[in-house]
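A.B. asks:
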Amino acid sequence: MGKFIMGVIVGILIFFLFVYFGGSRTLKKVGVGLIDTGKRMEVMEDMIKKKKGDVEKDVEKDVKKRVFKEDKDATKRMEAPR
Numbered sequence: 010m011g012k013f014i015m016g017v018i019v020g021i022l023i024f025f026l027f028v029y030f031g032g033s034r035t036l037k038k039v040g041v042g043l044i045d046t047g048k049r050m051e052v053m054e055d056m057i058k059k060k061k062g063d064v065e066k067d068v069e070k071d072v073k074k075r076v077f078k079e080d081k082d083a084t085k086r087m088e089a090p091r
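Plus 9 on top of the position in the sequence shown (first one is 1) and you've got the working numbering.
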């Protein structure tokens with residue numbers, strides 16, 4: 010119980026020190042920084058989605074080619090006289 014009360018007191022002390030030493034200015038700077046970071050992350054997310062789509066298409070084409078080739082090979086083996 011004593012540790013809990015001590016934690017609450019330290020938390021309140023930190024909060025008041027934050028407000029006293031210009032918390033609003035710091036909060037504004039952090040907010041602007043987060044907005045810029047968010048914009049950069051959106052751009053990176055769009056690039057990743059585009060690359061993912063391209064890779065999926067390439068993999069799908071490759072899989073189709075391999076399956077078709079395996080089907081041809083299997084058909085040739087079945088038709089070939091023994």
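Where is the CB? At the ideal position from N, CA and C, for every residue including glycine.
1. Work out the CA separation of Lys38 and Gly16 for me, nearest whole Å.
2. Helix or strand or just coil, what does DSSP make of Gly31?
3. What would DSSP say about Met10, mapped onto helix, strand or coil?
C.D. replies: Taking the structure as given:
1. Spanning the alpha carbons of Gly16 and Lys38 requires a straight line of approximately 28 Å.
2. Collapsing the DSSP output to three states places Gly31 in coil.
3. Looking at Met10 - three-state DSSP - the assignment turns out to be coil, as it is neither helix nor strand.
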